[in-house]
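Down below is the structure, laid out as C-alpha cells.
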Amino acid sequence: MTDELVTSMFVDMLGARLYSQRVFNLQRQGRAGTNAPIDGSEALVVGAAFALNPTLDWILPQYRELVGLERFGSDVLDRYVLYCIGHPDGGHIPAPTRVWPPQISLATQVPHAVGLAWGMKQAGEEGCTLVFLGDGSTSEGDFYEACNFAGVLDAPVIVVVVNNGWAISTPTTSQTRAKNFAEKSHAFGFPGVTVDGTDAIAVYEAVADARSRAVAGAGPTLIEAVTYRLGPHTTADDPTRYVPPDELNAAKDPIEVMRSEMQRRGLWRQEWEDDIVSQADARMEKAVVAAEATPLEPSEMFNHVYDQPTPRLVRQRSEFEAKS
Amino acid sequence: MTDELVTSMFVDMLGARLYSQRVFNLQRQGRAGTNAPIDGSEALVVGAAFALNPTLDWILPQYRELVGLERFGSDVLDRYVLYCIGHPDGGHIPAPTRVWPPQISLATQVPHAVGLAWGMKQAGEEGCTLVFLGDGSTSEGDFYEACNFAGVLDAPVIVVVVNNGWAISTPTTSQTRAKNFAEKSHAFGFPGVTVDGTDAIAVYEAVADARSRAVAGAGPTLIEAVTYRLGPHTTADDPTRYVPPDELNAAKDPIEVMRSEMQRRGLWRQEWEDDIVSQADARMEKAVVAAEATPLEPSEMFNHVYDQPTPRLVRQRSEFEAKS
Amino acid sequence: MTQMNMVEAINHTLHQEMARDDRVMVFGEDVALNGGVFRATEGLLDSYGSGRVVDTPLAEAVIAGTAVGLAAAGMVPVPEIQFLGFSYQAFHQIAGQIARLRYRTRGRFDVPITIRSPFGGGVRTPELHSESLEAQYANIPGLKIVLPASAADAKGLLTTAIRDPNPVLFLEPLRGYRMIKGEVPEGEHTVPFGRARTVSEGTDVVIITWSFQVELSRRAAVQLAEEGISVRVVDLRTLVPLDTDAIVEAVEACGRVVVVQEAPETNGFASEIIATINDQAFYSLEAPVQRVSGYDTPYPVGMLEDHFVPDVDRIVAAVRRAVEVEA
Amino acid sequence: MTQMNMVEAINHTLHQEMARDDRVMVFGEDVALNGGVFRATEGLLDSYGSGRVVDTPLAEAVIAGTAVGLAAAGMVPVPEIQFLGFSYQAFHQIAGQIARLRYRTRGRFDVPITIRSPFGGGVRTPELHSESLEAQYANIPGLKIVLPASAADAKGLLTTAIRDPNPVLFLEPLRGYRMIKGEVPEGEHTVPFGRARTVSEGTDVVIITWSFQVELSRRAAVQLAEEGISVRVVDLRTLVPLDTDAIVEAVEACGRVVVVQEAPETNGFASEIIATINDQAFYSLEAPVQRVSGYDTPYPVGMLEDHFVPDVDRIVAAVRRAVEVEA
Ligand SMILES: Cc1ncc(C[n+]2csc(CCOP(=O)(O)OP(=O)(O)O)c2C)c(N)n1
Ligand SMILES: Cc1ncc(C[n+]2csc(CCOP(=O)(O)OP(=O)(O)O)c2C)c(N)n1
Ligand SMILES: [Mg+2]
Ligand SMILES: [Mg+2]
C-alpha cells in the first residue's frame, strides 16, 4: 500500500466524518431531515471505495456511506446534501457516477446489486458491484435470497456487511446466533471473510481480492467489516438509552487508527490535517449553499412517476397548479 | 431400533404410497384437484413422525407429507382426502391432532413453526415443532428469516429440508451453490445435519436427536433429508420434459430400502405386505367414500372469515342465498 | 380521565392489556430495550419481562409469521411493524397467511393478532416511512383495519383489537402521536369496531374520513362554519368492518359529501366509500361526492410532502365545491 | 393472422420481442427448461440461450429485485411470477422499489420491466393460485397495470409492455390461457395503453370490465339481447393508465352501468370505476352503478369457487337490476 494511497484514503475519511457531522447539525438547525451519521464506518467505506474502479464498478449504499464516496465523484456528496435537505434531486446521482442513492428499505438493495452485476456480466461489461448493508439488515429475507441467487449466477458482486454492533437499539446478539456474519456465506456457497472495519487498509485489501475474483468470473464474496457505531443511530435516536458506555469507550475510532498509520509512515502533521479539514469544510459549505439554493417547483412532485405522465396525473397536476 | 418400530414405520410407508397414488388417480378421474405425490419421501416423513411425540409435538407440513402422518392421527389422512377433493373442511384437522394443513405458499410455514415453538416454550409446554420444506423452498426469504430468529430464540423447532433434487423442473444446482442444505445452518448458528432421506431409520435417529436437543432447551436443528422425487411434481406436471431418465432410474426407492431392512430382520413376507396393502386400500376407500359424502352448503363459503361475520359479509351472504 | 397524547394512550393501553392477560406478547424491532422508536412500548420490558416483550431481528416477514404460530400456541401476539411501509416485507404473511388462517383451518385456530404500525406523512420522515397503505389492505378479506383519530379512541380501539379473536391492522397516525391529545378514561375502555363517530354535527355537507384527516377535517369544519356552511365530520374509525349505516344516514341527512384520505387517489379507500354510497344512498346524493386525496405519485421527499398531503385548504375547497354544484 | 389461444399468443410475442431486442431477458421459476408451467415461455431457452432465459431459484423477491438491477444495467427484464398470489412475496420489491425507481432517482434509470403473471380463478388450482389482486396494485403509483382479454390483445399489449420504459404488471387470465382464442396478427402488433376496447355495442346498459370477465360479460350481453336489452361491453385493457374518456363516453351514452370484477368487493378496482364515474359522469347516471364482484372472503377451495367467481347469471341479473331501477 503506497503512502499516496494511504494519504488519499485518510483525506476522504476525514472528509466523511466532517460532512456527516455537518449534515447532522443541519438537522439540529431544522435545515435537514433525519439522517444517519457515518461515525465508525469511515475506514470501511473509504477502503472499499478505493479498492474499486469508479469507471467500471458500482456502489449500492445503505444510508450511512454516501459521505465517504468522494472517490467515486464529487456529485455523490453534493446530491447527498440535497437528499438530506429533502430535495427530490438528491435521489439523482447523475451519470457517469456509479453510485446509487441511499436505500431506506433495508436490504432491498442487495437484489438490486445482484441484478446489476448479472446484467453487467450478461452485457459482457468488465466490472463489479459492491453493496453495503448493516448487521441488522442481514436478517431480512432479501439479503439471503439475493446472496443465494448471486452464488448460482456467479455474479460479480461484493456484499459488504457493516457490522457496527447495533441495529438502532438491537445488538448483534439479538440479531443472529451465527458465529459471525462471514459465516453466513456458507448458506450461499461462496467465500466469506471477516475484516477489521476500522482498518481502511485491511478493508481495501479484502475488497481488492474480492474484486479480482468477481471480475475473473469466480463469483461473489461476502465481507464482514467489523466496527462500532460511534454515534447515535440517526438524528432521531438517543443511544444513551441502550448503549453500554464501556462498550462505546472501548471502541476503536477508524480515524485514529488511520492517523496512527499515517504517523507510523511519517506522513502526518497536525497542520496538514487542519488544512485538509478546513478544505473539506469549505467544500461542504459550498455543497450546502448550493443545495439550499437549488430551486424547486412544487409541481416537480408530478415528474418522473412515469416517463410520460398518465392522463390522470396530468389532471391532478393541473388541479394542483390551479390551486397554488 | 426395535423390530416393532421398524414394522410400524414400514406399514405407514406402504400406506403413504398407496394413499398418495389413490389421490393422484382421483385427480385423473376428475374427482380431485391438483395434488403432489409423496413418492420418494415416504421414509423421511414416516421416520420423522415416529421420532416425535404426537401428544406433545406439532408437525407443519409443506404439501406432500400428509399421507405419511397416520401416526399423528387418522384424521390427518381423512382431512387430506377432503382437502384434495376441494372441500373446505379439508383444511380443518381437528384438535387434538397436532398437524397443520398443507401449505401452498412455499416456506411461509417456517415462521409459523418457529412462532409455535416459541409460544410453547413461553407457555412452559414440553414438546417441539417440526416443519417440512422442500429444497426449492429454502430459497425463499421466509426460510432464512425464520431459521435465523429460531436460533436467537433457542426455539424448540426442527427444520427438515426435503431435498428431493427438484423444485418442479428446477434442479438443486440452479437453486443454490451451498455445498449442501445442512450447511445453511451456519447462517443461523445451530447444527445442521444431512441424512439419507430414503432410510427411515436414519431419519428417525436424526429427528430423535434433534428433538432431545429441542426439548432440553438447546435450540433448533436443521436436518437435510436427501432423497429423489420418484414421480411428477404434481398431477399437473410432465417430468419427462426435464428429468434425466438415468438419474431417475438410479434413485433409491425408500419402500425398497425399508423392505430390505424388514427382510434382513426376517420380518417380511409377501402375504403380510399384501395384507397390509389391502388394509390400507380399504382404509383409503372408506376415507374417499366419507369425503365424497361430506355435505357442503355453498354458503359455507362465508363462514370462518372472522369469528363473527361483518355486516357486509352478512349482506353478501344473503344476496348469495337469495340468488341460489 | 387523564390528558394524554396518542402515543401515551397507546403505551398506557399496552400496559393495561399486558397486565390483564398474560398471554399478550409484544415484539418487533426496538420495542423492548428502547421502548419503541416512538416510545409506544416504553416500560413494557421492565414490567412484563423479556419473555413477553421481545426485540426481534430486523425481519418483518418473520415478525408477522411468528405471530401466526404464537396465536396457534394460545398467545395473543401484538407485533409492531416499525413503519407501515415496511409491512410490504411482510405482505405475504399478513395478506396470505394471517388474514386466511381462520378460514383455511375452518376455525381451528383463533387469530387474535394485532399488528400495530405507525403510518402517514407530514413529519419529514425518510422514504417509505410515510405511506398510507390502508386501501391495499382493505381488499384483503379476513383482516380488520382500525385507525384511531383521538387519544381516547386509541385506547378504546386498541383494547378492542387486542381482545378481538381476529387479526387487526391497527394503524397509528405518526403525525398524531404527539399532536393529538385528549382526555382518556383510565379504567376499562373499549370502543366497538364498525361504529363511526360523529366528530362535529352539521347539515349542509358531510366529510367522511379517518385517522389524522379527522383532525384536519374538523378544522376545516370550524373554518367553514364561519362562512355559514354547516359541516358534519364523520370519523370512520374502522374501515373493515365499515359502518355503512352511519355513512348512509349522514348522506341522507346532508345530501352532499366529501371524502378525505391521504393515500393516492386511484383506488384509495375513498373509492370504496363512494362506491358504497352509490350502492346504498345514491338517491340521497345532491351532488357528486368530492374526493380529497394524495396524488398518484410516490410519497414525496421532505420538501414536497406538504404539497402532497391534504391540508385544511384543500378540504375547505372541496366542501365549497360540494355545496356549489347544482343539485 | 393466425388462430391462437392466449398462451400461444403470449409465447409467440415473447419469441418476437426476444428476437427483436437482445436486451430482453426472461427469467423466473421453471421458465427455461420447462418452458413455464403453462408453456408461456416454451422454446425460448432453445432459441435465445441460457444467458437470456433463466430458471431462477424459488424466490420471488429476488426475481423482482434483480429486475431493478438488470434494468439499471440496460437490460429489458421480463420476469415471470408463477402465480400472482406469490407476488406477495415480492411486494416490497414491486411496490416499494420497482414502482419508485424512476421517481427516486429522478429519471436516472429507466424501468422497462414487465412482470408477467397468471391470475384469476375458475380452474381448481390450489390455494393462493387464483387471487385477483389488481386492486391492491392499482393504489401504487408508478406501476402500469395491463390485463389482456383477447389473444390479439395479449400480443399487442405485451409488445407494448416490453417496449415501455415503465414497469408493467402484465396479468394473464389463467382461465383464458387455453379457453380464449382468436385471430392474432403475425407481424408487428402493438396496442396502446389507456385505450379501452368496445367488445360489443349497445345502448341500454354498459358493462365495464377487464380480463376474463370480458368474455363472461360478452356472453351475458348476447343473452340479454334476446330479452331485448341492448348491452355495450367495454374492456378496459389497462387499469393504469385508465381510459376515463371511454368510461365517460359510455356512461353518457347508456346512462346505466354495471362493473364486473372477480376480486373481492371491498376496495376492488370496481370501486375506483364507480368513483371515477362519480367524478366525471355523475349527471349522466340514470341509476346507481351495479357492482358484480367476488365476495369479501378469501378465495375459496375448489368445491366452492364456482360460487365465488362472477358468472354469466350474476352479470345478467345485475344488468336487469340496472335497467329496472327508476331513473
Ligand atoms: C425494511 C426496513 N425495516 C425497518 C426499518 C427501520 N430501520 C431503519 S434503520 C434500522 C436499523 C438498521 O440496522 P443495520 O442494518 O445494522 O444498519 P446500521 O443503522 O447499524 O448502519 C431499522 C430497523 C427500515 N428502514 N427498513
Ligand atoms: C411462494 C411460492 N412460490 C411459488 C410456488 C409455485 N410452486 C409450487 S411447488 C414449487 C416447487 C417446490 O419445490 P420444493 O420446495 O423443492 O418442493 P417439492 O415440490 O420438490 O417437494 C413451486 C415453484 C408456490 N407454491 N409458492
Ligand atoms: Mg448496524
Ligand atoms: Mg424439491
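Protein chains in written order, with the numbering used here: chain S, 24 to 347; chain L, 24 to 347; chain Z, 4 to 330; chain G, 4 to 330.
Glycine included, every Cβ here is placed at the ideal spot set by N, Cα and C.
*What in chain S is Cβ-close to N37 (chain Z), meaning under 9 Å?*
Near N37 (chain Z) (Cβ distances below 9 Å), the residues of chain S are I191, S192, T193, D260, D261, R264, Y265.
*asked:* Considering only DSSP beta bridges, list what M7 (chain G) is partnered with.
replied: BP columns for M7 (chain G) point to G:G185.
*Please specify which runs of the beta strand (DSSP E), each continuous and at least 3 residues long, are wholly inside the stretch 215-279 of chain G, giving them in chain order.*
With a minimum length of 3 residues, the continuous beta strand (DSSP E) runs that stay inside the stretch 215-279 of chain G are 234-238, 241-243, 260-267.
_Residues around ligand 3, please: the condition is that the C-beta lies closer than 7 Å to some non-hydrogen atom of it._
In chain order, the hits are S:G157, S:D158, S:G159, S:V185, S:N186, S:N187, S:G188, S:W189, S:A190, S:R252.
*Check: F89 (chain Z) C-beta below 7 Å from any heavy atom of ligand 1*: Relative to ligand 1, the beta carbon of F89 (chain Z) is positioned inside 7 Å of a heavy atom.
_A169 (chain S): contacting residues in chain G (beta-carbon distance under 9 Å)_ = Correct list: A62, A64, V65, G68, T69.
*Quick one: which unbroken alpha helix (DSSP H) runs of 4-plus residues sit fully inside the stretch 291-320 of chain G? Chain order, please.*
The alpha helix (DSSP H) runs of length 4 or more contained entirely in the stretch 291-320 of chain G are, from start to end of the chain, 305-311.
*Does the separation of the CB atoms of A278 (chain Z) and R294 (chain G) fall below 8 Å?*
Yes, the Cβ-Cβ distance between A278 (chain Z) and R294 (chain G) is below 8 Å.
*Report the residue from L:I116, L:G38, L:R87, L:P84 whose alpha carbon sits nearest the alpha carbon of V99 (chain L).*
The closest CA to that of V99 (chain L), considering only L:I116, L:G38, L:R87, L:P84, is found on L:I116.
*Taking D156 (chain G) as part of the alpha helix (DSSP H), name the residues at either end of that continuous run.*
For D156 (chain G), the uninterrupted alpha helix (DSSP H) segment begins and ends at 154-166.
_With a threshold of 8 Å between beta-carbons, can E265 (chain Z) be considered close to chain B, or not?_
The structure shown contains no chain B; its protein chains are S, L, Z and G.
_Proximal residues of chain G, C-beta to C-beta of M143 (chain S) below 7 Å_ = By Cβ distance, chain G contributes A76.
*Please state if the CB of R335 (chain L) and the CB of S22 (chain L) are separated by a distance shorter than 8 Å.*
Because chain L here runs from 24 to 347, residue 22 (chain L) falls outside it and cannot be looked at.
*Exposed or buried, which one is N48 (chain L) when buried takes at least 16 other CB atoms within 10 Å?*
Exposed is the call here.
*Taking 7 Å as the cut-off, is the CB of S128 (chain S) close to at least one heavy atom of ligand 1?*
Yes, the Cβ of S128 (chain S) comes within 7 Å of a heavy atom of ligand 1.
_Please confirm whether S160 (chain L) has its beta-carbon closer than 8 Å to some beta-carbon of chain S._
So no, S160 (chain L) is outside the interface.
_I'd like the list of long-range same chain contacts for A223 (chain Z), defined as Cβ closer than 6 Å, with 5 residues on each side in sequence excluded._
Excluding positions up to five away in sequence, the list reads V315, I318, V319.
*To which residues of the same chain is A266 (chain G) closer than 6 Å at the C-beta, ignoring the five residues directly before and after it?*
These residues qualify, in order along the chain: S135, A138, G297.
_For Q96 (chain Z), which residues in the same chain have their Cβ closer than 6 Å to its Cβ, ignoring the five residues on either side in sequence?_
Apart from sequence neighbours up to five positions away, the residues of its chain that approach Q96 (chain Z) with a beta-carbon distance below 6 Å are A64, A67, G68, ordered along the chain.
*Since I276 (chain Z) and I250 (chain Z) are thought to touch, with beta carbons under 8 Å apart, how far apart are those beta carbons, to the nearest angstrom?*
Right, the Cβ-Cβ distance comes to about 7 Å (below 8 Å), so this counts as a contact.
*Measure the Cβ-Cβ separation of G145 (chain Z) and P244 (chain G) and say whether it is below 8 Å.*
It is not a contact, given that the beta carbons lie outside the stated cut-off.
_Neighbour list for H95 (chain Z) in chain L, Cβ cutoff strictly below 8 Å_ = Within 8 Å Cβ-Cβ: S128, T131, D165.
*Is it true that the stretch 162-177 of chain L meets the stretch 123-134 of chain L, where meeting means three or more beta-carbon pairs spaced less than 8 Å apart?*
With the cut-off at 8 Å, the stretch 162-177 of chain L and the stretch 123-134 of chain L touch.
_Nearest-angstrom Cα separation, counted from P170 (chain Z) out to I101 (chain Z)_ = Going by the C-alpha atoms only, they are around 7 Å apart.
*Cross-chain neighbours of L89 (chain L) in chain G, by beta carbon under 9 Å*: Result: empty, since nearest Cβ-Cβ is about 13 Å, beyond 9 Å.
*asked:* Just to confirm my understanding: we take G205 (chain Z), look at its own chain, exclude 5 residues before and 5 after, and list those with CB closer than 6 Å. What are they?
replied: Around G205 (chain Z): S233, V234, R235.
*From P151 (chain Z) to S214 (chain Z), what distance separates their C-alpha atoms?*
Distance between the alpha carbons of P151 (chain Z) and S214 (chain Z): 6 Å.
*chain L contacts from the stretch 199-228 of chain S (Cβ-Cβ distance under 7 Å)*: Within the stretch 199-228 of chain S, the residues whose Cβ lies closer than 7 Å to some Cβ of chain L are T199, R200, A201, K202, E206, K207, H209, A210, F211, G212, F213, listed in chain order.
_Does the stretch 256-270 of chain S come into contact with the stretch 25-38 of chain Z, if we say contact requires no fewer than three beta-carbon pairs (one atom in each stretch) closer than 8 Å?_
Contact holds: three or more Cβ-Cβ distances are below 8 Å.
*Contact between the stretch 146-156 of chain L and the stretch 203-223 of chain L: three or more CB pairs below 8 Å?*
No, they do not touch.
*asked:* Closer than 7 Å to a non-hydrogen atom of ligand 1 - does that hold for the CB of E344 (chain S)?
replied: Not one heavy atom of ligand 1 sits closer than 7 Å to the Cβ of E344 (chain S).
*Below 8 Å between beta carbons: does that hold for A310 (chain S) and D101 (chain S)?*
The Cβ atoms of A310 (chain S) and D101 (chain S) lie closer than 8 Å to each other.
*Under 8 Å by Cβ, that's how I've got P179 (chain S) and A237 (chain S) pegged, so tell me the actual separation to the nearest angstrom.*
Taking the Cβ atoms as the reference, P179 (chain S) lies roughly 4 Å from A237 (chain S), within the contact range of under 8 Å.
_Helix, strand or coil for K207 (chain S)? Go by DSSP, reduced to three states._
K207 (chain S) falls in the helix class under three-state DSSP.
*asked:* Taking only three categories from DSSP, how would you classify L75 (chain L)?
replied: Per DSSP, reduced to three states, the secondary structure at L75 (chain L) is coil, with no helix or strand assignment.
*Using a Cβ-Cβ cut-off of 6 Å (strictly less than) and excluding sequence neighbours within five positions of V122 (chain S), which residues of its own chain qualify?*
Contacts found: I82, L92, F95, V99, I116.
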